[in-house]
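Colleague: Before we start, here is the structure in question, set down as C-alpha cells.
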Amino acid sequence: MKKWVIYIFILMSVTAIGVYVAYRLYNKPHPDYAGAEAEFRLSVMDLYQAFIKDGDAAGRQYNGKVIAVNGPVTRVEEADTLVIVVFALTSGDFGEEGVRCTMLPTLAEDARKLKPDGEIVLKGVCNGFTGSDVILEKCMIIQ
Numbered sequence: 001m002k003k004w005v006i007y008i009f010i011l012m013s014v015t016a017i018g019v020y021v022a023y024r025l026y027n028k029p030h031p032d033y034a035g036a037e038a039e040f041r042l043s044v045m046d047l048y049q050a051f052i053k054d055g056d057a058a059g060r061q062y063n064g065k066v067i068a069v070n071g072p073v074t075r076v077e078e079a080d081t082l083v084i085v086v087f088a089l090t091s092g093d094f095g096e097e098g099v100r101c102t103m104l105p106t107l108a109e110d111a112r113k114l115k116p117d118g119e120i121v122l123k124g125v126c127n128g129f130t131g132s133d134v135i136l137e138k139c140m141i142i143q
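Under the numbering used here, residues 1 to 143 are what the sequence shown spells out, in order.
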C-alpha cells in the first residue's frame, strides 16, 4: 500500500512541475525589437557580400542579432499582411537577389510610403541567408 502512495506522490509532483514549466514558457514575454539597440551598422551591400563570401562565418556573426542596414530601396512588396522592403543588389538565376526586410506589423504603413531609390536606414533581426537573399525580420525604419 505504501508503494502506491509514493508512486502517486511522484506522479503528482512531476505533473505539477510540468504544468508550471508549460505555463512559464507560454507566458514568456516577447523581446522588444523596436527598443533594441543595433549590434552592427552596415550597408546592405556589405551585409549581402559577407553572406556571399562566407555564409557560415556571416551567419555566426549576424544571425539572431539586431542589425541596422542602409541603402537605396528597390521596391516595397506586400504578401498577405506582411510588408517587405526589398534592396535588390544583383540579378541571379531566380531573379533579383539582395536583402529583404519584413517590417513590424505596426510600422507597415510607414513602409508602404517609401519611394524607390530613396536612401533609408532599417533596423531588424537577421534570420540568415536563403542562397539568394539575406532575410531581416521585425524591421523598423530608423531614417
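The C-beta atom is built at its ideal place from N, Cα and C for all residues, glycine as well.
(1) In whole angstroms, what separates the C-alpha of A88 from that of P29?
(2) Hey, out of K65, E109, T90 and Q49, whose CA is closest to K123's CA?
(3) Does DSSP classify D133 as helix, strand or coil?
(4) Classify D133: buried if its beta carbon has 16 or more other beta carbons within 10 angstroms, exposed otherwise.
(5) Helix, strand or coil: which one does DSSP assign to P29?
Modeller: Concretely, from the data shown:
(1) What you label residue 88 is simply residue 88 of the sequence shown in a count that begins at 1. What you label residue 29 is simply residue 29 of the sequence shown in a count that begins at 1. Cα-Cα distance, rounded: 34 Å.
(2) Residue mapping note: residue 123 aligns to position 123 of the sequence shown, counting from 1. Out of K65, E109, T90 and Q49, K65 has the C-alpha closest to the C-alpha of K123.
(3) Against the sequence shown, residue 133 aligns to sequence position 133. Looking at D133 - three-state DSSP - the assignment turns out to be strand.
(4) In the sequence shown, residue 133 corresponds to position 133, counting from 1. Under this definition D133 is a buried residue.
(5) Here residue 29 corresponds to residue number 29 of the sequence shown, with the count starting at 1. It is coil, neither helix nor strand.
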